[in-house]
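So the sequences go chain by chain: A and B. Numbering-wise (my numbering), the first sequence opens with residue 8 and increments by one. Numbering-wise (my numbering), the second sequence opens with residue 3 and increments by one.
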Amino acid sequence: MSCRLAFCAECATEWEGINYCHSCLAQVRGRVRADHSRFLPLLTLALTVALGYLLTRVIAWGAGFFTFF
Amino acid sequence: MAKRIPFSEALDSGVRLVTWVGPAPLAVLVLATLPWRFGLAALASRIVEVGASASQYGPHWRDWSQDLLPLFILALVGRAAYAHACHQHLQQGLTHWRSLVPNPLTLLVVLYLSFAIEIALILSSVTVLGWAIFTSTQARIVASQPAFTSASPLSPWKTLGEERGSMSRTAGLDSIFAIAWFVALLNLVSLSQMAPDLLGSVPAFDPGPARALLSTENHRLWFGLMAGASAVVEPFRLAAHCVLFFSTHSKSSGADLRLRLAELSREPSA
Numbered sequence: 008m009s010c011r012l013a014f015c016a017e018c019a020t021e022w023e024g025i026n027y028c029h030s031c032l033a034q035v036r037g038r039v040r041a042d043h044s045r046f047l048p049l050l051t052l053a054l055t056v057a058l059g060y061l062l063t064r065v066i067a068w069g070a071g072f073f074t075f076f
Numbered sequence: 003m004a005k006r007i008p009f010s011e012a013l014d015s016g017v018r019l020v021t022w023v024g025p026a027p028l029a030v031l032v033l034a035t036l037p038w039r040f041g042l043a044a045l046a047s048r049i050v051e052v053g054a055s056a057s058q059y060g061p062h063w064r065d066w067s068q069d070l071l072p073l074f075i076l077a078l079v080g081r082a083a084y085a086h087a088c089h090q091h092l093q094q095g096l097t098h099w100r101s102l103v104p105n106p107l108t109l110l111v112v113l114y115l116s117f118a119i120e121i122a123l124i125l126s127s128v129t130v131l132g133w134a135i136f137t138s139t140q141a142r143i144v145a146s147q148p149a150f151t152s153a154s155p156l157s158p159w160k161t162l163g164e165e166r167g168s169m170s171r172t173a174g175l176d177s178i179f180a181i182a183w184f185v186a187l188l189n190l191v192s193l194s195q196m197a198p199d200l201l202g203s204v205p206a207f208d209p210g211p212a213r214a215l216l217s218t219e220n221h222r223l224w225f226g227l228m229a230g231a232s233a234v235v236e237p238f239r240l241a242a243h244c245v246l247f248f249s250t251h252s253k254s255s256g257a258d259l260r261l262r263l264a265e266l267s268r269e270p271s272a
């Protein structure tokens, strides 16, 4: 619909009540996938920060522990 | 079936790749990793100086670890940039200064995995085998950047798990570089012992203080030289790991055909 090209009914795909051609449908689905995937990198970032803090504790622990060897 | 190149070809291609990517990525790698290496050497020297009572200095070691963490992140960013430049050259046959900048999400995944593996490496350092396995895994993470297409928490671990079939080849390659590291260390030790005599020939230079500093009984010298040997070997090690990854994945990604096309396009002008 956004590209304003004429398509036959067999070439168009309906998505949420609107008919899209192949290219426009790919753009719409790409935006939806991007919205869903924004959360996961943020979760990875939070885990990275947590692991960074844990790494500092492990380095400090290792400095005291490995003197036994 | 994935192509399995012999170690000799991976090593030769790695050495050529170091010269092909040019001085800029090499400079980024060396400058980014040196602070972390010598920071670790300084920490090790401090632990040796404190001796058996080191376990009583918990807050002191926590301060050290908080100072070392940014250096570790800097070293990882430098390694990721260098490996990214190597992959850009392997895939497209060209290196541009923009090739030094990896994808931010890929960099996040590299940091995420490297932190976890570094924790496992420290905890397993009581055994040489554990230390060797996780050291190889660290290099594999940086060299496998093109495989990390998703920044979700679980997907990179799945990708790393899929790479476990090539871990034996990674370990074999690292065994060769372990020997190279020892050779580099011996060379640096020899150079450090000759340095006072060589510098003594310079007029008005007193080699006396240098002899004390460069004495083999000085544990700081040993830790510094080990850091230096690692810095010497690392560019070739990372490049060889990138070549190994590229050889096993190029066919599935079509990168081998793109590289061949780039070579054919350059040949008439050569």
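In this text, a Cβ means the ideal position worked out from N, Cα and C, and glycines have one as well. Small disclaimer: the values here were computed from a predicted structure and weren't measured.
Step through the CB atoms of chain B and report whether any lies within less than 7 Å of the CB of residue i.
{"i": "G71(A)", "result": "yes"}
{"i": "T138(A)", "result": "No statement about residue 138(A) is possible, as the shown extent of chain A runs from 8 to 76 and does not include it."}
{"i": "I25(A)", "result": "no"}
{"i": "L58(A)", "result": "yes"}
{"i": "I66(A)", "result": "yes"}
{"i": "L12(A)", "result": "no"}
{"i": "L54(A)", "result": "yes"}
{"i": "T51(A)", "result": "yes"}
{"i": "L47(A)", "result": "yes"}
On the premise that residue j lies in contact with residue i, defined as a C-beta separation below 8 Å, what is that separation, rounded to the nearest angstrom?
{"i": "I124(B)", "j": "V65(A)", "result": "5 Å"}
{"i": "C244(B)", "j": "L19(B)", "result": "7 Å"}
{"i": "A54(B)", "j": "G71(A)", "result": "That belief does not hold up - the Cβ atoms of A54(B) and G71(A) are roughly 11 Å apart, past 8 Å."}
{"i": "T250(B)", "j": "S116(B)", "result": "About 21 Å separates the two Cβ atoms, so there is no contact after all."}
{"i": "T63(A)", "j": "Q68(B)", "result": "6 Å"}
{"i": "A1(A)", "j": "G60(B)", "result": "It is not possible to answer for residue 1(A), since the shown part of chain A is limited to 8 through 76."}
Taking 7 Å as the CB-CB limit, is residue i close to chain A?
{"i": "W63(B)", "result": "yes"}
{"i": "F136(B)", "result": "no"}
{"i": "S203(B)", "result": "no"}
{"i": "S271(B)", "result": "Confidence in S271(B) is poor, its pLDDT being 49 and thus under 50, which makes the residue's placement unreliable; the coordinate value appears in the next sentence. S271(B) does not count as touching chain A."}
{"i": "A149(B)", "result": "no"}
{"i": "I121(B)", "result": "yes"}
{"i": "Y114(B)", "result": "yes"}
{"i": "A77(B)", "result": "no"}
{"i": "Q68(B)", "result": "yes"}
{"i": "P8(B)", "result": "no"}
{"i": "S232(B)", "result": "no"}
{"i": "M3(B)", "result": "Any reading at M3(B) must be qualified, since the residue scores a pLDDT of 41, below 50, and its modelled position is unreliable; the value itself is stated next. Output row for M3(B): interface = no."}
{"i": "P25(B)", "result": "no"}
{"i": "F117(B)", "result": "yes"}
{"i": "A141(B)", "result": "no"}
{"i": "A56(B)", "result": "yes"}
{"i": "L110(B)", "result": "yes"}
{"i": "S154(B)", "result": "yes"}
{"i": "L175(B)", "result": "no"}
{"i": "L107(B)", "result": "yes"}
{"i": "L162(B)", "result": "no"}
{"i": "L71(B)", "result": "yes"}
{"i": "I178(B)", "result": "no"}
{"i": "I181(B)", "result": "no"}
DSSP has residue i in a bridge; who is on the other side?
{"i": "W22(A)", "result": "I25(A)"}
Sort the options by Cα distance to residue i and report the nearest one.
{"i": "V235(B)", "options": "D176(B), S217(B) and M196(B)", "result": "D176(B)"}
{"i": "P104(B)", "options": "G230(B), L115(B), A118(B) and C88(B)", "result": "C88(B)"}
{"i": "L13(B)", "options": "H251(B), T250(B) and L246(B)", "result": "L246(B)"}
{"i": "G6(A)", "options": "L76(B), L215(B) and F207(B)", "result": "What is shown of chain A runs 8 to 76, which leaves residue 6(A) out entirely."}
{"i": "L42(B)", "options": "W63(B), S138(B) and V185(B)", "result": "W63(B)"}
{"i": "A186(B)", "options": "Q93(B), G230(B) and F40(B)", "result": "G230(B)"}
{"i": "V17(B)", "options": "N220(B), D208(B), G210(B) and F179(B)", "result": "F179(B)"}
{"i": "F248(B)", "options": "Q195(B), R142(B), V204(B) and A197(B)", "result": "R142(B)"}
{"i": "P158(B)", "options": "S57(B), A46(B), Y114(B) and T35(B)", "result": "Y114(B)"}
{"i": "R39(B)", "options": "S203(B), L240(B) and M228(B)", "result": "M228(B)"}
{"i": "A214(B)", "options": "E11(B), P198(B), T35(B) and G202(B)", "result": "P198(B)"}
{"i": "V148(B)", "options": "T129(B), F184(B), L92(B) and E219(B)", "result": "Sequence inspection shows Pro at residue 148(B); the Val mentioned does not correspond to that position. Looking at the Cα atoms, L92(B) is the closest of the given residues."}
{"i": "A242(B)", "options": "P211(B), L45(B), A173(B) and L223(B)", "result": "A173(B)"}
{"i": "A53(A)", "options": "R239(B), S154(B), L162(B) and L201(B)", "result": "S154(B)"}
{"i": "L61(A)", "options": "V52(B), L71(B), A82(B) and Q58(B)", "result": "L71(B)"}
{"i": "A212(B)", "options": "S194(B), W224(B), L28(B) and G226(B)", "result": "S194(B)"}
{"i": "E23(A)", "options": "L50(A), G69(A) and L32(A)", "result": "L32(A)"}
Specify, as a first and last residue, the run of the alpha helix (DSSP H) that residue i falls within.
{"i": "S67(B)", "result": "G60 to Q94"}
{"i": "I178(B)", "result": "M169 to G202"}
{"i": "N140(B)", "result": "The amino acid occupying residue 140(B) in the given sequence is Gln; Asn does not appear at that position. Unbroken alpha helix (DSSP H) run through Q140(B): V130 to A145."}
{"i": "F40(B)", "result": "P25 to V52"}
{"i": "I121(B)", "result": "P106 to L125"}
{"i": "L215(B)", "result": "G210 to L215"}
{"i": "A53(A)", "result": "F46 to F72"}
{"i": "T161(B)", "result": "S157 to E164"}
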